[in-house]
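Novice: In the working numbering, the protein residues as written are 43 to 518.
Ideal Cβ placement from N, Cα and C applies to all residues, glycine included.
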Ligand code: 6PG
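Written out as structure tokens, the structure reads:
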């Protein structure tokens, strides 16, 4: 049996696992690894490990014996049943006080269940979201751990060294008990869906509305990426337009089927927002637009049947591109605001531990939604930790006030041209809804009371009331 020398172990040498192992080893930590298929482990050891301090186990028992007690085992396998299967397998060889860390995109309710069960059995458990894809895992991801705080302290040095760094601050922090880490990762992905859809709509408006070609689109996103929209998603969008298809020589993006797949983490955020009654229309629009994209064949048939304008306006010029830029800014801020508002609401479940300044801090680097504006978001929560909505931060309310006309213009243009822009449109509705002191919900209440005697409250008196709306009470 080998010596128990490794600082940390990782189970699952898929793309994320392999890259994270190399990352940790490059930061000076010794890592024990295991994968179910021996061949994958052998290939990794022969091809990638070189002189790094990485040791492999070829049975779970061997793997666990490589780790220095109390042991810390990271799991990097697909979310769902595989995580439970791995936990069942490794816990057979663990001792009380050992730590298990699930690094997958697990649903927070699964993480809660695992946290309860494992904690009862005196193991430490962390659900840790990881963002940044393969490159992030290798060179510095954003890490979102939650669960056992004692467990986190044990791996803190490794995680802080391996995470992305912004202004010498690591993009990792303990986020709270139970499933706090996976909850934050879920919201990250909801925001990711919303922003991706907003960008896609600006693309559609320039491509269909203005007949912009790939070079022009590249140039626009490239310029946008140098200003207040600077972000990872803007950067990769600009680069996407540079890539040509080897087969047809067309821009590759033009050859890609317009059917957006998803693993569902954005949808989880939407469901959670609905569950908590937190308005998150831009995130819903991101999910819904992917759903609409699925119906390619039906859309093709409907495009031949349903009437409407056909999308092009020769008069749109570079001024419209400026409107788009500002509209996108409003939409993006709205997306972060919706995600933050959801976490503020969910915070009650996490014993008031979810600190939104911390979340914004660890999203500044490494993750998919990293963006220049997160610095301002972080500052907003630093100034007012209890800020009820990001839109109310003086800096953002000023910015949005100065740009809301651009969003109106863009939304009107999209409607006039018949180009669907659900995320931009709902971003405007979110902004207008939030700033409307009076909404037509009074009529909804009147209708409910009319058909169902559900009662209503009054503006001028407390209590609940029911009215006799018609001669005969029952109309439904
Ligand atoms: C990240 C990504 C990552 C992954 C998503 C894709 O933060 O690194 O969000 O988790 O790319 O799972 O999600 P969809 O398949 O749902 O688009």
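Terminal residues of the continuous alpha helix (DSSP H) containing residue 238?
Specialist: Residues 222-246.
Novice: Report the three-state DSSP secondary structure of residue 51 (helix, strand or coil).
Specialist: In this structure, residue 51 counts as strand in the three-state DSSP scheme.
Novice: Shortest alpha-carbon distance to residue 311 belongs to which of 231, 443, 442, 174?
Specialist: That would be 231, whose Cα lies nearest to the Cα of residue 311.
Novice: Buried or exposed for residue 505, going by 16 or more other Cβ atoms inside 10 Å?
Specialist: Exposed, because fewer than 16 other Cβ atoms sit within 10 Å of the Cβ of residue 505.
Novice: Is residue 304 a contact residue of the ligand 6PG, with contact defined as CB to any heavy atom under 7 Å?
Specialist: Yes.
Novice: Quick check: is any heavy atom of the ligand 6PG less than 7 Å from the C-beta of residue 506?
Specialist: For the ligand 6PG, not one heavy atom lies less than 7 Å from the Cβ of residue 506.
Novice: Looking at the unbroken alpha helix (DSSP H) that takes in residue 175, where does it start and where does it end?
Specialist: Residue 175 -> alpha helix (DSSP H) spans 175-181.
Novice: What is the rounded straight-line gap between the Cα of residue 334 and the Cα of residue 327?
Specialist: Going by the C-alpha atoms only, they are around 10 Å apart.
Novice: Let me check one thing: in DSSP terms, what residues is residue 76 bridge-paired to?
Specialist: Note: residue 76 sits in a beta bridge opposite 53.
Novice: Taking 7 Å as the cut-off, is the CB of residue 409 close to at least one heavy atom of the ligand MN?
Specialist: The ligand content of the structure shown is limited to the ligand 6PG, which means the ligand MN is not among them.
Novice: Pick helix, strand or coil for residue 461, following the three-state DSSP scheme.
Specialist: Residue state, collapsed to three classes: coil.
Novice: Buried or exposed for residue 103, please, with buried defined as at least 16 other CB atoms from any protein chain shown within 10 angstroms of its CB.
Specialist: Exposed is the call here.
Novice: What first and last residue would you give for the beta strand (DSSP E) that runs through residue 404?
Specialist: Run containing residue 404: none in the beta strand (DSSP E); it sits in the alpha helix (DSSP H), 398-404.
Novice: Starting from residue 323, follow the alpha helix (DSSP H) in both directions and report where the run begins and ends.
Specialist: Element bounds for residue 323: 323-336.
Novice: Using only the heavy atoms of the ligand 6PG, determine whether one of them is closer than 7 Å to the beta carbon of residue 308.
Specialist: Yes, the ligand 6PG has a heavy atom inside 7 Å of this Cβ.
Novice: Taking only the alpha-carbon atoms, compute the straight-line gap between residue 509 and residue 497 and give it to the nearest angstrom.
Specialist: Using only the alpha carbons, I get a separation of about 8 Å.
Novice: Name the DSSP bridge partner or partners of residue 115?
Specialist: Looking at the DSSP assignment, residue 115 forms a beta bridge with 51, 142.
Novice: Quick one: what does DSSP say residue 59 is sitting in, helix, strand or coil?
Specialist: It is helical.
Novice: Roughly how many whole angstroms lie between the Cα atoms of residue 372 and residue 491?
Specialist: Going from the Cα of residue 372 to the Cα of residue 491 covers about 37 Å.
Novice: Whose C-beta lies closer than 6 Å to the C-beta of residue 467 among residues of the same chain, with five residues either side of it excluded?
Specialist: Closer than 6 Å at Cβ, skipping near neighbours: 453.
Novice: Below 8 Å on the Cβ atoms is my contact criterion, and I expect residue 168 with residue 193 to pass it. Report the Cβ-Cβ distance as a whole number of Å.
Specialist: Rounded, the Cβ-Cβ distance is 5 Å, consistent with contact.
Novice: When you compare each of 290, 507, 397, 107 to residue 424 by their alpha carbons, which one comes out closest?
Specialist: Taking only the C-alpha atoms, the option nearest residue 424 is 397.
Novice: Taking only three categories from DSSP, how would you classify residue 109?
Specialist: In the structure shown, residue 109 sits in a strand (DSSP, three-state: E or B).
Novice: Whose CA, out of 391, 478, 431, 459, lies closest to the CA of residue 188?
Specialist: Minimum Cα distance to residue 188 is reached at 391.
Novice: Between 122, 121, 85, 132, which has its C-alpha nearest residue 101's C-alpha?
Specialist: Nearest of 122, 121, 85, 132 to residue 101, Cα basis: 132.
Novice: Determine whether the beta carbon atoms of residue 240 and residue 465 lie at a separation below 8 Å.
Specialist: A contact, by the Cβ cut-off of 8 Å.
Novice: Can you find at least 3 beta carbon pairs, one from the stretch 446-460 and one from the stretch 417-435, that sit closer than 8 Å?
Specialist: They do not touch, by the three-pair rule.
Novice: Do residue 247 and residue 366 come within 8 Å of each other at the CB atom, strictly closer than that value?
Specialist: Their beta carbons are under 8 Å apart, which means residue 366 touches residue 247 by this criterion.
Novice: Could you have a look at residue 171 and say whether DSSP puts it in helix, strand or coil?
Specialist: Residue 171: strand per DSSP, three-state reduction.
Novice: Which residues does DSSP pair with residue 273 in a beta bridge?
Specialist: In the DSSP output, where bridge partners are listed per residue, residue 273 has 413.
Novice: Less than 7 Å separating the Cβ of residue 77 from some heavy atom of the ligand 6PG?
Specialist: Incorrect: residue 77 has no Cβ contact closer than 7 Å to the ligand 6PG.
Novice: Starting from the C-beta of residue 202, find all residues in its chain whose C-beta is less than 8 Å away, skip the five residues before and the five after it, and write them out in chain order.
Specialist: Cβ within range, chain order: 212, 214.
Novice: Which residue wins for smallest C-alpha separation from residue 438, given the options 415, 460, 428?
Specialist: Selected option, being the one with the closest Cα: 415.
Novice: Quick check on residue 199: buried or exposed, where buried means 16 or more other Cβ atoms within 10 Å of its Cβ?
Specialist: That one is exposed.
Novice: Taking just the CA atoms, how far does residue 323 sit from residue 299?
Specialist: One C-alpha to the other measures close to 26 Å.
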